[in-house]
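Colleague:
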Amino acid sequence: MPSISPFAGKPVDPDRLVNIDALLDAYYTRKPDPAIATQRVAFGTSGHRGSSLSTSFNENHILAISQAIVDYRRNAGITGPLFIGIDTHALSRPALRSALEVFAAAGLEVRIDEKDGYTPTPVISHAILTYNRGRSTELADGVVITPSHNPPEDGGFKYNPPHGGPADTDITKVVEAAANAYIGRKMEGVNRISFEDALKAPTTKRHDYITPYVNDLGAVVDMEIIRQSGISIGIDPLGGAAVDYWQPIIDRYGINATIVSKEVDPTFRFMTADWDGQIRMDCSSPYAMARLVKMKDRFDIAFANDTDADRHGIVSGKFGLMNPNHYLATAIEYLFNNRDAWNPAAGVGKTVVSSSMIDRVAKEIGRKLVEVPVGFKWFVDGLYNGTLGFGGEESAGASFLRRDGTVWSTDKDGIILGLLAAEITARTGKTPGAAYEAMTQRLGTPYYARIDAPADPEQKALLKALSPEQIGMTELAGEPIESTLTNAPGNGAAIGGLKVTAKDGWFAARPSGTENVYKIYAESFKSAEHLKAIQTEAQDAISALFARAKAAETVG
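Note that the sequence shown covers residues 1 to 556 in the UniProt record's numbering.
1) Can you tell me the Cα-Cα spacing of Leu420 and Glu437, whole angstroms?
2) Let me check one thing: in DSSP terms, what residues is Val517 bridge-paired to?
3) Just curious, the beta strand (DSSP E) that Leu388 is in, first and last residue?
4) Residue range of the beta strand (DSSP E) that Glu482 falls in?
5) What does the alpha-carbon distance come out to for the pair Ala179 and Met473?
6) Which residues in the same chain have their Cβ closer than 7 Å to the Cβ of Ile128, if we skip the five residues on either side of it in sequence?
7) Within its chain, find whatever has a CB closer than 6 Å to the CB of Ser409; leave out the 5 residues flanking it on each side and keep chain order.
8) If we count Cβ pairs, one from each stretch, closer than 8 Å, do we get three or more for the stretch 316–323 versus the stretch 295–304?
9) Put Lys31 into one of helix, strand or coil per three-state DSSP.
10) Is Pro344 buried or exposed, if buried means 16 or more other CB atoms sit within 10 Å of its CB?
11) Return the CA-CA distance between Ile495 and Arg360, expressed in angstroms with no decimal places.
12) Provide the residue span of the alpha helix (DSSP H) that contains Pro344, from first to last.
13) Rounded to whole angstroms, what is the Cα-Cα separation between Arg402 and Ala219?
14) Residue range of the beta strand (DSSP E) that Ile233 falls in?
15) DSSP three-state call for Leu108: helix, strand or coil?
16) Over what stretch of residues does the alpha helix (DSSP H) that includes Leu420 continue unbroken?
17) Return yes when the Cβ of Pro324 is within less than 9 Å of the Cβ of Ala396, no when it is not.
18) May I have the straight-line CA-CA distance separating Ala257 from Met187, to the nearest angstrom?
19) Would you mind working out which of Pro237, Asp244, Val260 and Ala273 sits nearest Pro14, comparing C-alpha positions?
20) Take the Cβ of Ala541 as the centre, count every other Cβ of all protein chains shown within 10 Å, and call the residue buried at 16 or more, exposed below.
21) Given a cut-off of 9 Å, decide if His89 and Thr146 are closer than it, judged by their beta-carbon atoms.
22) Would you tell me roughly how many angstroms separate the C-alpha atoms of Lys460 and Ser512, rounded to the nearest one?
Below, the structure is given as structure tokens:
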């Protein structure tokens with residue numbers, strides 16, 4: 001188990017804050033070497049991420065990625081506007097400058113915020129879908145410049161095609177390969193103009209992102225019942241991209257809400273340290289959320305979002321910060337019982353590493369469960385066509401349909417998940433924490449945890465390509481194994497690891513994409529001791545797998 005830093009949950013000493021001047025200087029002066037793996041463009045489940053200080057997120061990366069997106073759009077016949085937004089990380093604004101220089105040189109119509117402000121991920125998704133509604137040609141797409149909740153020294157760049165959600169690997173592999181090729185050719189073929197000329201270009205247009213999104217919120221959340229109830233709401237943007245959205249929401253709908261802080265600072269000095277002592281705007285972490293958790297008795301319900309507002313953290317009165325799995329289960333139960341216009345066949349989307357409490361809720365409410373690999377991209381089609389009413393990940397990211405059963409966003413939306421917590425409280429008179437407590441009395445109490453264990457690159461590759469037969473387990477913590485899966489049951493896609501399930505517990509193991517570790521997710525519906533037994537047996541089985549592979553290699 002990871003050890004908790006003595007700095008966790010406490011304000012960060014000023015001398016430990018990132019040096020913004022050095023960070024920005026490195027963005028422009030350091031040049032990536034494509035022969036070094038860590039300096040190459042690499043699209044994970046949430047785009048390319050890195051830091052200028054480690055030469056993994058620098059000007060040449062963004063210029064090359066932007067040119068690769070220009071090339072992809074041309075080949076794919078995408079000719080509509082490109083909506084682009086940034087979060088509050090220090091590297092986001094210079095990355096926007098770099099991207100605009102390339103996009104304007106290519107003659108792309110680009111929509112930037114009308115006041116040079118910040119734009120949350122779900123707002124970009126909403127803008128793409130709103131523009132494309134009823135169109136079959138000249139479709140829009142978008143870019144969000146954000147590393148999500150990552151530390152202040154990080155930057156991120158992700159592309160959303162015309163469906164509005166995260167790009168799948170059929171796109172990201174093309175963009176990644178092209179970008180790395182440009183870097184390898186010392187940027188030959190990357191066309192750019194000056195930032196000043198890019199801003200003046202007739203194809204660069206100012207766009208009001210706030211008003212359309214805010215005015216449309218009543219179509220997805222019952223804002224009127226929140227207003228009528230008068231419940232007190234606390235909101236913490238955590239210094240992120242939603243900071244300028246909450247006051248217009250409060251004013252537009254007349255809800256009784258307080259923004260506990262509007263501070264924006266690229267060092268994020270106002271944050272309390274996460275579990276490892278680092279600054280991380282993780283709204284699912286009790287350490288990073290210490291400020292709002294301390295205020296739990298001031299409000300009927302409170303919530304926060306991460307830096308690009310695609311994740312949510314719900315502080316539910318005396319229950320404190322809700323575990324993300326607990327809130328997902330609560331939200332699913334409420335939504336499917338209070339959205340009469342939704343398609344009766346609309347299913348519940350979850351990832352293979354999310355709590356099985358969601359399975360039990362889906363069964364109780366009579367809805368199909370669609371279990372997919374990790375990554376919100378797997379929910380895009382279902383949310384787009386209405387066959388999924390809800391899609392959510394254990395890492396506190398989710399979205400759901402409009403009240404009329406049509407698509408709202410195809411990317412995670414932490415804003416509506418926060419407002420939904422207020423709707424639940426207003427309509428039922430119970431906080432989501434109380435609703436979850438009642439749920440456990442009917443469906444059982446789950447004990448869930450994730451741990452990391454060491455694995456070298458060869459071991460991670462073995463785990464990613466595992467077949468069910470290789471694990472060789474017949475029992476799990478005293479119960480017969482019911483299934484061993486390496487492909488998700490909801491869509492047949494590879495998990496990138498495996499999931500082993502017994503009657504009252506399960507575990508899943510996946511290699512990390514960025515560190516030499518693998519992750520073990522596990523859950524028990526019996527006890528904490530049973531959970532520990534599952535974790536131990538899981539780690540033992542995988543260690544034995546690694547040992548057999550090493551022995552076979554030695555013999556070979």
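Beta carbons: idealized from backbone N, C-alpha and C, even for Gly.
All values reported here derive from a predicted model rather than from experimental measurement.
Modeller: In short:
1) Walking along the sequence shown from the start, residue 420 turns up at place 420. Walking along the sequence shown from the start, residue 437 turns up at place 437. Cα-Cα distance, rounded: 18 Å.
2) Position 517 of the sequence shown holds residue 517. Its beta-bridge partners are Pro454.
3) As a first step, residue 388 is located in the sequence shown; it is residue number 388 there, counting from the start. Residues Leu388 to Glu393.
4) On the sequence shown, residue 482 is found 482 positions in, with the first residue counted as 1. Here the beta strand (DSSP E) through Glu482 covers Glu479 to Asn487.
5) Translated into positions along the sequence shown, residue 179 becomes position 179. Translated into positions along the sequence shown, residue 473 becomes position 473. Taking the straight line joining both Cα atoms gives about 43 Å.
6) Walking along the sequence shown from the start, residue 128 turns up at place 128. Around Ile128: Phe83, Ala140, Asp141, Gly142, Asn160, Pro162 and Gly164.
7) Counted from its first residue, the sequence shown places residue 409 at position 409. These residues qualify, in order along the chain: Pro122, Ser125, His126 and Ser399.
8) yes
9) Taking the sequence shown and counting its residues from 1, one reaches residue 31 at position 31. In this structure, Lys31 counts as coil in the three-state DSSP scheme.
10) Locating residue 344 in the sequence shown gives position 344, counting from the first residue. Burial call: exposed.
11) The residue you call residue 495 lines up with position 495 of the sequence shown. The residue you call residue 360 lines up with position 360 of the sequence shown. C-alpha separation (whole angstroms): 21 Å.
12) The residue given as residue 344 occupies position 344 in the sequence shown. No alpha helix (DSSP H) contains Pro344, which DSSP labels as neither H nor E.
13) To locate residue 402, count along the sequence shown from 1; it is residue 402. To locate residue 219, count along the sequence shown from 1; it is residue 219. Looking at the two C-alpha atoms, the distance is approximately 6 Å.
14) Position 233 of the sequence shown holds residue 233. Start and end: Ile233 to Asp236.
15) Here residue 108 refers to the residue found at position 108 of the sequence shown. DSSP places Leu108 in coil when its eight states are reduced to three.
16) Position 420 of the sequence shown holds residue 420. It spans Gly414 to Thr428 - the alpha helix (DSSP H) in which Leu420 sits, taken as one unbroken run.
17) Residue numbering aside, residue 396 sits at position 396 when the sequence shown is read from its first letter. Residue numbering aside, residue 324 sits at position 324 when the sequence shown is read from its first letter. Cβ distance < 9 Å, so Ala396 and Pro324 count as in contact.
18) One-based indexing of the sequence shown puts residue 257 at position 257. One-based indexing of the sequence shown puts residue 187 at position 187. Roughly 49 Å between the two C-alpha positions.
19) Indexing the sequence shown from 1 puts residue 14 at position 14. Closest option to Pro14, Cα to Cα, is Ala273.
20) By one-based count along the sequence shown, residue 541 stands at place 541. By the neighbour-count rule (16 or more Cβ atoms within 10 Å), Ala541 is buried.
21) Position 146 of the sequence shown holds residue 146. Position 89 of the sequence shown holds residue 89. Yes; because the gap between Cβ atoms is below 9 Å, this pair is in contact.
22) The sequence position of residue 460 within the sequence shown is 460, counting from 1. The sequence position of residue 512 within the sequence shown is 512, counting from 1. Near 8 Å, if we compare the C-alpha coordinates of Ser512 and Lys460.
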